[in-house]
Structures are given as structure tokens and as C-alpha cells.
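Chemist: Numbering (our numbering), first residue to last: 304 to 903.
Beta carbons: idealized from backbone N, C-alpha and C, even for Gly.
The structure's right below; bear with me while I get my questions together.
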Amino acid sequence: MDVLALNCGSSSIKAALIDTDRQRRLLDVRVLNLGKAGCELRIGDRCEGLSPATSPDAALARVLAAVRDHGAASALQAVAHRVVHGGTEFAAPTLLDDKTVDKLQRLATLAPLHNPQALAAVAAARLAFPRLPQVAVFDTAFHATLPRRSREYALPVELTQRLGLRRFGFHGISHAHVAAVAADYMQVQPVAQRVISCHLGNGASVTAIEYGRSVETSMGMTPLEGLVMGTRAGDLDPGVLLHLLDSGEYNRESLGRLLNQASGLKGLAGTEDMADIERRAAEGDEGCRLAIAVFAHRVRKYIGAYAATMGGVDAIAFTGGIGEHSPLIRHRIAQRLDFLGAVIDEDRNRDARPSATTPVIDIATDRSRVRLLVVRADEEAAMAKAAAGLLQAELDSLRTFTLPVAISARHAHLSRKTIDALFGAGYALQVARPLSQPGQFAAQETVTLIGPRGQLDKVRVLGPPRAVDQVEISRSDEFVLGVDAPVRLSGDTANTPGIIIVGPAGRVALQNGVICAHRHIHMHPDDAARLRLNDHDSVEVRVDSNGRSLTFGDVIVRVSTAFRLEMHIDVDEANAAGLDPGASGEVLLPTSAVAHATKR
304 MDVLALNCGS
314 SSIKAALIDT
324 DRQRRLLDVR
334 VLNLGKAGCE
344 LRIGDRCEGL
354 SPATSPDAAL
364 ARVLAAVRDH
374 GAASALQAVA
384 HRVVHGGTEF
394 AAPTLLDDKT
404 VDKLQRLATL
414 APLHNPQALA
424 AVAAARLAFP
434 RLPQVAVFDT
444 AFHATLPRRS
454 REYALPVELT
464 QRLGLRRFGF
474 HGISHAHVAA
484 VAADYMQVQP
494 VAQRVISCHL
504 GNGASVTAIE
514 YGRSVETSMG
524 MTPLEGLVMG
534 TRAGDLDPGV
544 LLHLLDSGEY
554 NRESLGRLLN
564 QASGLKGLAG
574 TEDMADIERR
584 AAEGDEGCRL
594 AIAVFAHRVR
604 KYIGAYAATM
614 GGVDAIAFTG
624 GIGEHSPLIR
634 HRIAQRLDFL
644 GAVIDEDRNR
654 DARPSATTPV
664 IDIATDRSRV
674 RLLVVRADEE
684 AAMAKAAAGL
694 LQAELDSLRT
704 FTLPVAISAR
714 HAHLSRKTID
724 ALFGAGYALQ
734 VARPLSQPGQ
744 FAAQETVTLI
754 GPRGQLDKVR
764 VLGPPRAVDQ
774 VEISRSDEFV
784 LGVDAPVRLS
794 GDTANTPGII
804 IVGPAGRVAL
814 QNGVICAHRH
824 IHMHPDDAAR
834 LRLNDHDSVE
844 VRVDSNGRSL
854 TFGDVIVRVS
864 TAFRLEMHID
874 VDEANAAGLD
884 PGASGEVLLP
894 TSAVAHATKR
């Protein structure tokens, strides 16, 4: 499946057209240093400068235009979006429609540097590729496995439950990718290793991955908690925030800007660019030297804590812009990890340059018990793979959409007037058993049907009373009675034959109302929406039985909020297929309809 992965960060936009079947990239488009000097657009190997004043919307438009202009875009089948915060509701890749987008809008304040950009990308991509399914892949989803001891804050339970205060964790797409790549490199199953994944970039986090599951992570309810980052402070004494508010110098809005956009490396060194910080530190800048020391110390502190949390560690992995490209930072972090059995090889560390052909490089010494890995970040490939997996599962489920099949014997739906004539004035039908459709029941009462040729006794009456009389019989019953009943949907009784109905208190000669019921499906609007079916659409349904399997064609879909999913056929049809009560069938949708059904 060819998937466009859109990864919109706080200072970059990354787009990749990926063939998930062959695991290869067809196109890379990136905007780097957004809003800063050195802002540039890269399309494959071609690079062009952009104005620092280029807005995120304008940059995204350039990216999408480059994708549309590429020849491979004609085979594009889906768009995957990285969404940082999924809250408690979104813990897996999700198809996007208006309803899910509205829900995500309400989470934007939890990740103000990222979620608004992702939602802007969703809106732009839906306009650019209106016929393609759009899938959200969440950074928080990988951390859904956090145990309660790692997830909960020590606040009053009533407060945390009412306001949804808990730790979510982020960079999950990257951490999951690192765990999978590390396991493959070490030739073990993910469930057989303990990994500490360090995603170090403008945003940074550390995750303890025990046997394939996230069990602890440095970011919390929002991306503000944890490591020192490009512009975020990371861990702070909450008393500092109270003091800043009490000082009168900050309010809610300005404090948010301070914590998200003016702290971290930028607060310590005046810039969040680690390459620039390293250069200036080498020239003697004390602020930059402090920034490096604080950054490395915080990462090393978390590594030690997470090794204790898991009772050991098999591999420590570095990824992200800083983790991949800064030998100095890797050296400063790993230089005091000998006590864990993690010993860095300085030559390997200086030479490590992961690439598409060599995505993992081991920078530990041969005698190191713990492997130190540098892993090439590839969130876009992980996003595309997740989206393709969701869509393939959706396609498979739609192609094998099963439903119960009910076998309807001959029966009569009677009006209030006819019930009075057959059973006595004001007579109330007695319930024998409820039927599958809400509010419907088989009555204890039966009637006799008399036709020109013969009669049928003990024909069940169904309730409740209807506005118009209707008698439903099978083709075999037509021959017994001597009537020619047209195949009709329930309620369509115009120009149909009549019949005599006999009850214990009298008889009624119906002028019309006898039909052979058109095979049909009762469907709730939720099921119809999922299958992209409308009322009165026609589908095929395959039934499997012992030696008499067949496919029913021209099955009419009836959609109502009063319906429960179920296909109705008569006794003749059930006998033709050798079906017994409790049977099920499989709705067959054309490939084009299945593909359309996955679009939101």
C-alpha cells in the first residue's frame, strides 16, 4: 500500500510517500527550520531556501503540492498523520472523519506546539486528497500500556478522575520503532529484551520498554514533563510555577509561552540549536557548556532510574536529531554508565552515522554487557506501516462483514380493525416470544388463510398491530393457496392479491396485502455508515452450509434506528441453502465499495 506520511512538528514538516509492501520510500519532502533563518524546502535531493517569514500553512501547501506533482502520487492510497496527543480516547491508529477531528480539536491545548499543526495538516490533506482515507497515528498510543504506578499522579483521586489528570507519554511512534529495530538488530524478539529508548531532538523523552511494552516514560500529561528540551524546561518544582504566578510577572498565557517556547536549551544558552551550542561551548561560552551539562545529566539520570525500574537493561538506544547526529552528547550521556555494564567505544561513537542502508550502529565496546545503539529515526515509515495495517484490517473486516440470518415462516401483520373482527372487539394480542427486532413479537394467536385453491392453518400473528394488513407467504405457500403473490418489501402492498383470514371470532376478506417478502437486511444507521450503504441499497450475502452453500443476490438493505442488524429470508430460501436457525451470512461488497467505505 502506498501511504503519504505527514509529520508536522514545531519547527519542521516531514512528508514521505512510502510503499509499505516493499518497505521503500518513493519520495521525501521536508521543510526544516520553519520560521527561522535557514528555513528550507527539500524535495528529494533538491533544496531551495524559504523565507523565515514562511508560515506553517504556506509551507504545508508547498509540501502537498510537491507530493501531488510527483508521479508516484497517482498510486497513493492513504494519508497518515502524526498526532501528538490522543488523550484517553485514542490509543490506536484511527480513521479520521468530522467527528474524530472535532474530538481532537478539544485536545489541542494538551500539546499546543504540535496538535494544532497536525490538525491543520489533516484539514489541508483532506482538501488535497478528498478521496483518500486519512489516518491519525498517535504519539501517546504506545504508552497505553503504562502501569498505574507509572501513569498516576499523587493528587486526590476524585480530582484526577474528574479532570482526566494522568501521565500519557509522547514520542510513542519513535520509541515503538526503536524497540522493533533494536530487536531486529539484536536478533531477538521484542518480548525478550529490555530497552531504554532515548529520543533526543528539539523535543526529547526517554522510555523504558520492557518486553515490548512501554512501562515508564519521561513525558507526562503534556510534553512539558521530563528532559530538558529545545524550548521546554522539562521537570520543574511546581512551586516555581506558583512563585512565578504570585510574582505578578506572569499570567496563564505568558507562563505557557515561557514553559513551551522560551525555556530548555534556549533558556540556558539563548538557542535551541544543539550544533550551535556545541560550537559555542568549544569556544568557551559558559552558558552553552552549562546547557550541555544539564541536558546530558538529565538524560543520564533517567537512564539510571529506568534501568532500576526494569531490573536491568539489554540495550540503550539513541535516536532523533541530537541522538543520531551528536557524538558529543552521546559521549556525555554514556560516559558514566559503566556501572550498568554499558561501555561506550569512543571511536565507534565518533564514526557512527546511521543511514537508510545502515539504520542501526552499535557504539558499545565488544566487552560491554549492554549494547549502545544509534538508531536512524523513521517516524514516517512507522506511521505509514500503522496506517496500512489499520486500513488492511478495515478492508478485511468489511470484506467479511457477517450478520445473523433469521428464517421467517409464513405470518400475518394485522391492523387493529382486523384483530377486532377476528378475535373480538378490543382484543389484545398475547406475547408468545419477543422477536429480534426491537418491540416486535410473535403472538400466541394464529389464524387460517383461505385461498382460491386451498388453505393454511395455524399461521402465526406478529405484533404489535400495524396500520395496514399484510400477509407474508413463501413461493411454496402460493401453490397451496392458489395465489400469485408478488415479491415486495414490507409495507408495499399496492396492487397485491387478497385473501380470506379466519379467526375464532370471525373472518375478514382482505382485498390486498398478500406478498412474498423480498429478502432483506434490517440495519442500524451505525452499521450502514460503516459500510457506506444507504436505505434500499442492494447487496449480495453469502451463506455457508453443509454442501448447500450459496450466495443470495439482490438483498435489499433497510436502514432505521429502530432496527437491529439481521437478514430475513423465508423458509423456501433457507431450505435451498440448507440453513438452520441461528445461521449467519457474509455481506459481499464490491472492491470499489470496500475502498470507499474506508474513506472518512
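(1) Should P541 go down as buried or exposed, given a rule of 16 or more other Cβ atoms within 10 Å for buried?
(2) Return the bridge partner residues of A572 from the DSSP annotation.
(3) Beta-carbon separation of I619 and I595 under 8 Å?
(4) With 16 other CB atoms within 10 Å as the buried threshold, where does D829 fall?
(5) Output the distance between the C-alpha atoms of A308 and F598, rounded to the nearest integer angstrom.
(6) Are at least three pairs of beta-carbons, each pair with one atom in the segment 582-589 and one in the segment 550-569, less than 8 Å apart?
(7) Among M304, G467 and F704, whose alpha-carbon lies nearest the alpha-carbon of R835?
(8) Just tell me which of H716, A383 and L435 has its CA closest to the CA of A283.
(9) Quick one: grab the DSSP three-state call for R429.
(10) Out of L558, E519, E552 and D549, which has the shortest C-alpha to C-alpha gap to R535?
(11) Contact defined as beta carbons within less than 8 Å: I believe R470 pairs with A421. What is the distance between those atoms, to the nearest angstrom?
(12) Is the beta carbon of A865 closer than 8 Å to that of T323?
(13) I need the straight-line Cα distance from H634 to D405, nearest angstrom please.
(14) Using CA atoms only, rank isn't needed, just tell me which of R328, L329, N336 and I321 is closest to S315.
(15) Under 6 Å Cβ to Cβ from A319, same chain only, skipping five residues before and after it: list those, please.
(16) Do the segment 708-716 and the segment 775-786 meet, that is, are 3 or more Cβ pairs less than 8 Å apart?
(17) May I have a chain-ordered list of the beta strand (DSSP E) segments no shorter than 3 residues that lie completely inside the segment 756-818?
(18) Can you confirm whether the segment 743-750 touches the segment 758-768 when touching is taken to mean that 3 or more C-beta pairs between the two stretches lie within less than 8 Å?
(19) What residue range is occupied by the uninterrupted alpha helix (DSSP H) comprising H940?
(20) Going by C-alpha to C-alpha distance, which of L706, A696, A808 and M577 sits closest to A728?
(21) Under the rule that 16 or more other beta-carbon atoms within 10 Å means buried, what is F642, buried or exposed?
(22) Kindly indicate which residue of G523, G551 and N505 has the alpha-carbon position closest to the one of M532.
(23) By alpha-carbon positions, which one of L706, A424, M489 and L399 ends up nearest to A831?
(24) Taking Cβ positions, are T412 and G472 nearer each other than 8 Å?
(25) If you measure between the beta carbons of G626 and V673, is that distance less than 8 Å?
(26) Near R903, what residues of its chain come up, given a Cβ to Cβ distance below 7 Å and the 5 sequence neighbours on each side ignored?
(27) Label S629 either buried or exposed according to how many other C-beta atoms from any shown protein chain fall within 10 Å of its C-beta, with 16 as the threshold for buried.
(28) May I ask you to report which of helix, strand or coil DSSP gives G754?
(29) When the distance is taken between beta carbons, is G390 closer than 8 Å to D410?
(30) Reducing DSSP to helix, strand and coil, say where I476 ends up.
(31) Please classify D838: is it buried, with 16 or more other beta-carbons within 10 angstroms of its beta-carbon, or exposed?
(32) Taking the DSSP output, what are the residues bridged to K317?
(33) Can you tell me which of the three DSSP states E889 falls into?
(34) What do you reckon, are the CB atoms on V771 and T799 nearer than 8 Å?
Modeler: Taking the structure as given:
(1) Exposed.
(2) None, per the DSSP bridge assignment.
(3) No, these two residues do not count as a Cβ contact at 8 Å.
(4) D829 should be labelled exposed.
(5) About 30 Å.
(6) Not touching, per the Cβ criterion.
(7) If we check each option's Cα against that of R835, F704 comes out closest.
(8) In the structure as shown, the chain begins at 304 and stops at 903. Residue 283 is therefore absent and cannot be evaluated.
(9) In this structure, R429 counts as helix in the three-state DSSP scheme.
(10) Measuring C-alpha to C-alpha distances from R535 to each of L558, E519, E552 and D549 identifies L558 as the nearest.
(11) Not really, about 21 Å apart at Cβ, beyond 8 Å.
(12) In this structure, A865 does not lie closer than 8 Å to T323 by Cβ.
(13) Distance between the alpha carbons of H634 and D405: 45 Å.
(14) Put simply, of R328, L329, N336 and I321 the residue whose alpha carbon is nearest the alpha carbon of S315 is N336.
(15) Taking C-beta separations shorter than 6 Å and ignoring five residues to either side along the sequence, the partners of A319 in its chain run A308, R328, D331 and E683, following chain order.
(16) Enough Cβ pairs lie closer than 8 Å, so yes.
(17) The qualifying runs are 758-769, 773-775, 802-806 and 809-813.
(18) Verdict: yes, contact present.
(19) Given a span of 304 to 903 for the chain in the structure shown, any question on residue 940 remains unanswerable.
(20) Among L706, A696, A808 and M577, the Cα nearest to that of A728 is on A808.
(21) Result: exposed.
(22) Residue N505 is the option with its Cα nearest to M532.
(23) For A831, the closest alpha carbon among the candidates L706, A424, M489 and L399 is that of L706.
(24) With contacts defined by Cβ atoms closer than 8 Å, T412 and G472 do not form a contacting pair.
(25) Contact: no.
(26) In this predicted model, R903 has a pLDDT of only 45, less than 50, meaning its place in the structure is not dependable enough to derive any value.
(27) Buried is the call here.
(28) G754 falls in the coil class under three-state DSSP.
(29) With the sequence shown as reference, residue 410 is identified as Leu, and Asp is not the correct amino acid for it. Taking the C-beta atoms as reference points, G390 is found nearer than 8 Å to L410.
(30) Three-state result, I476: helix.
(31) Exposed, because fewer than 16 other Cβ atoms sit within 10 Å of the Cβ of D838.
(32) According to the DSSP secondary-structure assignment, K317 is paired through a beta bridge with N310 and R333.
(33) It is a strand residue.
(34) For the pair V771 and T799, the CB atoms are not nearer than the 8 Å cut-off.
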